[in-house]
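Protein chains in written order, with the working numbering: chain A, 4 to 311; chain B, 38 to 250.
Heads up, the beta-carbon is just placed ideally off N, CA and C, and yes, glycines get one too.
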């Protein structure tokens, strides 16, 4: 073990970000949670390569990078399936420990369906920790690698690991995908008229192209409401805000921590994996669940076992 | 799981924002309740976000409201004057190129620019909360006469350090970026540096005074 293992970015994807489990606890300073859009998926990929669940990996959206491993490496990928290939010709399986040979190139390709996948590399990505996290926060340009998405020619250093690596595979919880987003009523749901609430809960809204990690903008029947400006309130990922134009916005992982628009509903924590896979043009519908049901759904876990 | 603990307390001031955020209506006692809540180190609470007249408690996934949290929320507040919080003195260049909206705001208030500046610099402000950008302070205590609506057309780029007025708040933009508040001056102070152990210059509850350069 040289301690100098690296990954080279031969060709960058559309938006390759160094992420970990995020930086909760700094919202009162105006800094959002951030981190992997599906934290459980990255945590599982880390487990498959023998990392601590909190290690930093890559979040790849729409189209991933080609990565070269000069010293070889152990990787695992979870989330949306991409058309990935290996220079060795070996197939690329999702949710399994993969052993790459020295000099091998892993080309992630484009997403077959969905939007994002997470790549963990044994040792974890060694970028500076800022505010307890290695996650990239693009809006303010800090965290990750120089606060930005990866580029052609970047070299990422890996951390050291000691213990031997077993070959593992993981099975995601059932019911992780779907266009149906489960919500609990929001604090200002009562401000909307019956027609607006009926539209919100029965019609399909389409994800607009101006969506990113700060928020998923939706297009559909405009939601009208009574009253004027509201005081600013704390918000969090999943909160569905309705700005004056009546088109809802689902706040994302890098979204604002306070907002002055009414919150009609809130997507439950268990559906963060669904939010993470939405892309422009996708249709979504909202259904309400009780709080207890939301908590029960949040307990669904990945199963991890030995590779066959 | 102990279901009775999962119920929302019988208080209309509680609302859920997703299944992990509890919004507590705090009226004019937001900072006092915020201080009490952070002093409790409640293990099920991941983050506490104060805002205008409410606080959002972000709970760790899979946990409910504990007796300790409920007690901290319902406990009467000690509203006697607290030990003095930190006071920041911020030197500002009012008006000119760095404060393009000062003339219009002075006219709106029926004051000369000098009197507008004098009134702004005479007040003591309190950091009500931070938001919009990392380290952006919403400073309460703006004299009523100086209040002004946001610009109808937000600017595409407001320079870092810009001192601004938005409704009943005054604030400072830590980073350059789009912004809709009225810009009245500029300061050199660094408001946010993620490499520091205390990344934000201000925390909720701090006091702020401005001095004209």
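Compute the Euclidean distance between the alpha carbons of residue 304(A) and residue 115(B), then round it to the nearest angstrom. When rounded, the distance between both Cα atoms is 43 Å.
Is the segment 186-200 of chain A close to the segment 124-133 of chain A, with three or more CB pairs under 8 Å? The segment 186-200 of chain A makes no contact with the segment 124-133 of chain A; the number of CB pairs closer than 8 Å stays below 3.
Is there at least one Cβ from chain A nearer than 8 Å to residue 130(B)'s Cβ? No, residue 130(B) lies away from the interface with chain A (no Cβ there is under 8 Å from its Cβ).
Does the beta-carbon distance from residue 221(B) to residue 127(B) come in below 8 Å? It is not a contact, given that the beta carbons lie outside the stated cut-off.
Which residue marks the beginning of the alpha helix (DSSP H) containing residue 229(B), and which one marks its end? In the DSSP assignment, residue 229(B) falls outside any alpha helix (DSSP H), carrying neither H nor E.
Residue 209(B) CB to nearest chain A CB: under 8 Å? Closer than 8 Å: no.
At least 3 beta-carbon pairs within less than 8 Å: the segment 150-159 of chain A vs the segment 225-233 of chain A: Flag = no, the segment 150-159 of chain A and the segment 225-233 of chain A do not touch.
For residue 210(B), the three-state DSSP class (helix, strand or coil): Reduced to three states, the DSSP call for residue 210(B) is coil.
Starting from the C-beta of residue 207(A), find all residues in its chain whose C-beta is less than 6 Å away, skip the five residues before and the five after it, and write them out in chain order. Correct list, in chain order: 286 and 288.
On the DSSP letters alone, give me the boundaries of the beta strand (DSSP E) that residue 244(A) sits inside. Start and end: 242-244.
Compare the Cα-Cα distances from residue 186(B) to each of 207(B), 228(B) and 159(B) and report the closest residue. The residue with the shortest Cα to Cα distance from residue 186(B) is 207(B).
Write down every uninterrupted run of the alpha helix (DSSP H) in the segment 141-212 of chain A whose length is 4 residues or greater and which is fully enclosed by it, in chain order. Counting whole runs of 4 or more residues, the segment 141-212 of chain A contains the alpha helix (DSSP H) stretches 197-205.
Going along the chain, which residues of its own chain have a beta-carbon closer than 6 Å to the beta-carbon of residue 139(A), five neighbours each way excluded? The residues are 20, 21, 146 and 147.
Along the chain, where does the alpha helix (DSSP H) that runs through residue 151(B) open and close? Looking at the DSSP string, the run of the alpha helix (DSSP H) that includes residue 151(B) is 150-159.
For residue 71(B), does the three-state DSSP call read helix, strand or coil? In this structure, residue 71(B) counts as helix in the three-state DSSP scheme.
Which residues DSSP lists as bridging residue 107(A), in chain order: For residue 107(A), DSSP records a beta bridge to 72(A).
So if I threshold CB-CB distances at 7 Å, which residues from the segment 232-247 of chain A count as touching chain B? For the segment 232-247 of chain A, the set of positions with a beta-carbon nearer than 7 Å to some beta-carbon of chain B reads 234, 235, 236, 237, 238, 239, 241 and 242 in chain order.
Is it the case that the Cβ atoms of residue 273(A) and residue 311(A) are separated by a distance below 8 Å? The answer is no: Cβ separation not under 8 Å.
Could you round the C-beta distance between residue 277(A) and residue 156(A) to whole angstroms and report it? I think they count as a contact, below 8 Å. Not confirmed; about 35 Å, so no contact.
Are the C-beta of residue 31(A) and some C-beta of chain B separated by less than 8 Å? Closer than 8 Å: yes.
In this structure, how does DSSP classify residue 80(B) when only helix, strand and coil are distinguished? Here residue 80(B) sits in coil by DSSP.
Give every residue of the same chain whose Cβ lies closer than 6 Å to the Cβ of residue 103(B), excluding the five residues on either side of it in the sequence, and list them in chain order. So the qualifying residues of the chain are 81.
Chain B beta carbons: is any one of them nearer than 8 Å to that of residue 57(A)? Not an interface residue.
Beta carbon of residue 10(A) nearer than 8 Å to that of residue 161(A): A contact, by the Cβ cut-off of 8 Å.
Three or more C-beta pairs under 8 Å: does that hold for the segment 233-251 of chain A against the segment 84-94 of chain B? Inter-segment contact for the segment 233-251 of chain A and the segment 84-94 of chain B is present: three or more beta-carbon pairs are separated by less than 8 Å.
Pick helix, strand or coil for residue 188(B), following the three-state DSSP scheme. Three-state DSSP puts residue 188(B) in coil, outside helix and strand.
Tell me which residues of the segment 250-274 of chain A have at least one Cβ-Cβ distance to chain B shorter than 9 Å, keeping chain order. Residues 259, 260, 261, 262, 263, 266, 268, 269, 270, 271, 272 and 273.
List the residues of chain B that residue 143(A) touches, going by C-beta distances under 8 Å, in chain order. Around residue 143(A), the beta-carbon contacts reaching into chain B at under 8 Å are 170, 171, 212, 229 and 231.
I'd like to know if residue 102(A) contacts chain B, where contact means its C-beta is closer than 8 Å to some C-beta of that chain. Cβ-Cβ to chain B under 8 Å: no for residue 102(A).
Which of the three DSSP states, helix, strand or coil, is assigned to residue 274(A)? In this structure, DSSP gives residue 274(A) a helical state, which the three-state scheme calls helix.
Using a Cβ cut-off of 7 Å, pull out every chain A residue sitting near residue 218(B), in sequence order please. Taking a Cβ-Cβ cut-off of 7 Å, residue 218(B) has no neighbours in chain A, whose nearest Cβ is about 13 Å from it.
Excluding the five sequence neighbours on either side, which residues of its own chain have a C-beta within less than 8 Å of the C-beta of residue 292(A), listed in chain order? Within the same chain, residue 292(A) has close Cβ partners 185, 186, 187, 271 and 300.
Selected residue, minimal CA-CA separation from residue 263(A), among 239(A), 96(A) and 59(A): The shortest C-alpha separation from residue 263(A) is found at 239(A).
Given residue 30(A) as reference, the closest of 130(B), 157(B), 245(B) and 171(B) once Cα atoms are compared: It is 171(B) whose Cα lies nearest to the Cα of residue 30(A).
When the Cα of residue 243(B) is compared with those of 234(B), 156(B), 164(B) and 182(B), which residue comes out closest? Ranking 234(B), 156(B), 164(B) and 182(B) by Cα distance to residue 243(B) puts 164(B) first.
N-terminal and C-terminal residue of the beta strand (DSSP E) that residue 291(A) is part of: For residue 291(A), the enclosing beta strand (DSSP E) covers residues 286-291.
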